[in-house]
Amino acid sequence: MKLTSAARRATCTKENAPVKSPALAIKDKTAVMGILERGGRVRTSVVPNVKKKALQAEVRKHVEAGSALYTDALQSYNGLNEFEHQVIDHVVAYVDGKIHTNGLENFWSLLKRGINGTYVSVEPFHLFRYLDEQAYRYNNRKMTDSERFDMAVKGIVGKRVTFDQLTGKTLDAIQG
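In our numbering, the protein residues as written are -7 to 168.
Structural data, given as C-alpha cells:
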C-alpha cells in the first residue's frame, strides 16, 4: 500500500499581477496539481481547473486503488472511495498524526522559490516544463552531481527540440 499526498496550487504567471481580493486571486492563475508518494517521488501536472473531474482523474491515473491518500480539504477530492482517503483541514490543523500534506507543501515552496526567484517570467505555455524540471530536482535530490549529470546526458541523446516546438512560433514569422 502506498501513502500518497495530493494537493493543488494556483500558480502565478507573468501576465497576471497579484490581485488584492482573495476571491479574485485564483481567477487569473493556472492550476497545478502534485502527488507525492511518502518517501518517494513527486508527480506534477498542469490541470484545466480544480474541479472534481479534473483532479480525481489525475489521482486515479497516478495512485493505486487501495492506497492511503491524504489530501487537503478541497471538496473536489470527495468521492475517492477506492482509496483509504483521509483529509487534513488546514483551517483546523496542519498535522493530525500521519495525516498531513507537508511533504508536498515543501515541494510547492521550492517550486515557488524557483519561479519567483530564478525564472521570474513563466508563461502558461511552458509551465509544464518548469514543473518537470522541479520534479526532476526533487526526485533526484539525493544523487550526486555526477550521477545527475550522467542521467541527464543519457536522457538527451538522440532528442532535438526545435525553435517552433520551444516557442510555439516559427522563425519565418519572427524574421518578417
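Note that beta-carbon positions come from the ideal geometry of N, C-alpha and C, so glycine has one too. Computed from a predicted model, the values in this text were never measured in an experiment.
Query                                                                                                                                                      : Result
Which whole-angstrom value describes the C-beta separation of V51 and L72, a residue pair presumed to lie in contact below a C-beta threshold of 8 Å?      : 6 Å
With DSSP as the reference, please indicate the residues paired to I107 in a beta bridge.                                                                  : DSSP lists no partner for I107.
Using DSSP with H/G/I as helix, E/B as strand and the rest coil, what is K59?                                                                              : Residue 59 is actually Ser in this sequence, not Lys. In this structure, S59 counts as coil in the three-state DSSP scheme.
With H, G and I counted as helix, E and B as strand and the rest as coil, what does DSSP make of D64?                                                      : coil
If you drop the 5 nearest sequence neighbours on each side, which residues of the same chain put their C-beta closer than 7 Å to that of K43?              : S68
Note down, in chain order, each residue of its chain lying with its Cβ closer than 6 Å to the Cβ of Q78, except the 5 sequence neighbours on either side.  : Y62 and I91
With a threshold of 16 other CB atoms inside 10 Å of the CB of L103, please say whether the residue is buried or exposed.                                  : buried
Please return the same chain residues whose Cβ sits closer than 8 Å to the Cβ of V149, not counting the five positions on each side in sequence.           : none
Using a Cβ-Cβ cut-off of 7 Å (strictly less than) and excluding sequence neighbours within five positions of G32, which residues of its own chain qualify? : none
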